[in-house]
Every structure is written in structure tokens, then in C-alpha cells.
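Novice:
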Amino acid sequence: MKQSEIKELSTAELQEKLGETKKSYSDLKMAHAISPLENPIQLRSVRRDVAKIATEITKRELQ
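Written as C-alpha cells, this is what we have:
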């Protein structure tokens, strides 16, 4: 997910997206612990998406 896409979403949509992305990351971590993922770089990508969304939410709260 790109930063420009994140900025276009409303705060409520960001909260929803954050929950979905965190769940996705959790599921990927569990799957990777059981048997290695075909593409482990996917973990990094999802983790960074969580950080981007959380940063945007914090940024909006401070304004």
C-alpha cells in the first residue's frame, strides 16, 4: 500500500484497514512459524504497511 493511497482514506477507514492489516500480519507470522512461507519478504511488506497506517492515524490525531 502506497502512502498516497493511505492519505486518501478517511480516519474510520484507516482504523478498519489497520485492524485488517494487523490480523493479516499475525496470520502470516503463524503460517511462517509452522512452515516457511514461499515469499518471506511478504512479512516485511505487511509489517511496514501496519507502520504506515499507524503513522498516518497518529499524524491526524495531532492535527
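Numbering-wise (our numbering), the sequence shown opens with residue 1 and increments by one.
A virtual CB, placed ideally from N, CA and C, is assigned to each residue, including glycine.
1. Within its chain, find whatever has a CB closer than 7 angstroms to the CB of R60; leave out the 5 residues flanking it on each side and keep chain order.
2. Going by other Cβ atoms of all chains shown within 10 Å of its Cβ, with 16 needed for buried, is T58 buried or exposed?
3. Thinking just about the alpha-carbon of each residue, which of L43, S35, L62, Q63 is nearest to the one in K23?
4. Checking 8 angstroms against the spacing of the C-beta atoms, do I53 and K7 come in under that value?
5. So, at 8 angstroms on beta carbons, what are the nonlocal neighbours of V46 in its own chain, with the 5 sequence-adjacent residues on each side left out?
Specialist: The short version:
1. Translated into the one-based positions of the sequence shown, residue 60 becomes position 60. The residues are T11.
2. As a working mapping, residue 58 is identified with position 58 in the sequence shown. Classification for T58: exposed.
3. In the sequence shown, the residue the question calls residue 23 occupies position 23. Answer by Cα proximity: L43.
4. Against the sequence shown, residue 53 aligns to sequence position 53. Against the sequence shown, residue 7 aligns to sequence position 7. No, the Cβ-Cβ distance between I53 and K7 is not below 8 angstroms.
5. As a working note, residue 46 is residue 46 in the sequence shown. Excluding positions up to five away in sequence, the list reads T21, S24, Y25, L28.
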